[in-house]
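**Student:** This is the structure I want to talk about, given as structure tokens.
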Amino acid sequence: MNRTRLSGLNAATKRFLDQVISGFMLLALSPLFAYWKLKASSRGVSMLESQRVLGLRGKQFRLVGLRAGLTGSPVLARLPALWNVLRQDLSLVGPRPSRVEELPDHEKWRASLFALRSGLTGLWRLREADAGIEESAALDLYYVRNCTLTLDLQILYQTGRELIRRSMGRRSLLARWKITKSAKAVVVEGGSQFPDAAEWDDVVEGVPIGATGKGERG
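According to UniProt numbering, the sequence shown is numbered sequentially starting from 1.
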């Protein structure tokens, strides 16, 4: 069974855009990375740290980020992961990168969650900060089943919008990728509790996400 609607030309286009956009952003952000490198050197520490996470088909890779203390923003701290996107470990948009120790929590839906590359952002990023693993997994499962290039663009737009709101000191919806709160199960793989389109229509403010999974082929 094909667990995701994204395939063929659309899948190739998604990979191409990942490569082009991540490469451009790494080049554009090189002065900022140079600043962080100097800051880390002055403290006698390395600029980067990494953690093992699970990606496409459950394959482990090292997700890189800034060492704690170099920036106060958890979003900026994840910018080095653009290198993971360039290496095709990650996608710009996809399911949340799962830590290795979270694997038992994903047993019921692991086949679907690992059907696509994990994302630097995704519907999981546009959730309330106190959501648990199951709520985040529900959003990821919706994304896997309804993934289109249009949906990716909507998520990237909303992520950028929330970043601007945060930079202006306004309340932002962006959540961190690490989840520490467990919650009651809201998803049953292959069962009637799987979230349908209408349930997540308002996840991205002002964007009818539920409509993107209809009438499109991928």
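We put the CB at the ideal spot given by N, CA and C, even for glycine.
Going residue by residue through the stretch 98-146, where are the continuous alpha helix (DSSP H) segments of at least 4 residues, counting only ones entirely within it?
**Tutor:** 110-113 and 133-146, all fully within the stretch 98-146.
**Student:** Based on Cα-Cα distance, which residue from 125, 53, 52 and 150 lies nearest to residue 138?
**Tutor:** Comparing Cα-Cα distances from residue 138 to each of 125, 53, 52 and 150, the minimum goes to 125.
**Student:** Does residue 53 come out as helix, strand or coil in the three-state DSSP assignment?
**Tutor:** Of the three classes helix, strand and coil, the one that applies to residue 53 here is strand, per DSSP.
**Student:** Please list, in chain order, all residues of the same chain as residue 55 whose beta carbon is under 8 Å from its beta carbon, the five residues on each side excluded.
**Tutor:** Cβ neighbours of residue 55 beyond the five flanking positions: 61, 89, 90, 97, 114, 117 and 118.
**Student:** Using the Cα positions of residue 78 and residue 156, report the straight-line distance between them to the nearest angstrom.
**Tutor:** Distance between the alpha carbons of residue 78 and residue 156 is about 15 Å.
**Student:** Just the C-alpha distance for residue 71 and residue 80, rounded to the nearest angstrom, thanks.
**Tutor:** Their Cα atoms are separated by approximately 12 Å.
**Student:** On the premise that residue 99 lies in contact with residue 51, defined as a C-beta separation below 8 Å, what is that separation, rounded to the nearest angstrom?
**Tutor:** Indeed, because the Cβ distance is near 7 Å, the residues count as touching under 8 Å.
**Student:** Is residue 222 helix, strand or coil by DSSP?
**Tutor:** Since the first residue of the chain shown is 1 and the last is 218, residue 222 is not available in this structure.
**Student:** Around the C-beta of residue 135, are 16 or more other C-beta atoms found within 10 angstroms, so that it is buried, or is it exposed?
**Tutor:** Burial call: buried.
**Student:** Take residue 37 and list the residues in its own chain whose beta-carbon comes closer than 8 Å to its own, dropping the five residues that flank it on each side.
**Tutor:** Excluding positions up to five away in sequence, the list reads 47.
**Student:** What distance in whole Å lies between the Cβ atoms of residue 121 and residue 93, which are believed to be in contact at a cut-off of 8 Å?
**Tutor:** Confirmed, Cβ separation roughly 6 Å.
**Student:** Please look up how many angstroms separate the CB atoms of residue 26 and residue 82, rounded, as I've assumed it's under 8 Å.
**Tutor:** Sure, about 5 Å apart at Cβ, within 8 Å.
**Student:** Would you mind reading off the limits of the beta strand (DSSP E) that contains residue 92?
**Tutor:** First-last of the beta strand (DSSP E) with residue 92: 91-93.
**Student:** My assumption, with CB atoms under 8 Å, is that residue 123 sits in contact with residue 105. Please give the rounded CB distance.
**Tutor:** The pair is not a contact, with the Cβ atoms about 18 Å apart (cut-off 8 Å).
**Student:** Counting along the chain, where does the alpha helix (DSSP H) carrying residue 25 start and finish?
**Tutor:** Where residue 25 is concerned, the enclosing alpha helix (DSSP H) stretches over 8-28.
**Student:** Give the straight-line distance between the Cα atoms of residue 73 and residue 67, rounded to the nearest whole angstrom.
**Tutor:** If you take the alpha carbons of residue 73 and residue 67, they lie about 12 Å apart.
**Student:** What does a CB cutoff of less than 7 Å around residue 85 pick up in its chain, not counting 5 residues either side in sequence?
**Tutor:** The residues are 18, 22, 91, 92 and 120.
**Student:** Go ahead and label residue 44 buried or exposed: buried means 16 or more other beta carbons lie within 10 angstroms of its beta carbon, across all protein chains shown.
**Tutor:** Exposed.
**Student:** Determine which residues share a DSSP beta bridge with residue 48 and list them.
**Tutor:** According to DSSP, residue 48 bridges with 66.
**Student:** Does DSSP put residue 87 in a helix, a strand or coil?
**Tutor:** Note: residue 87 maps to coil in three-state DSSP.
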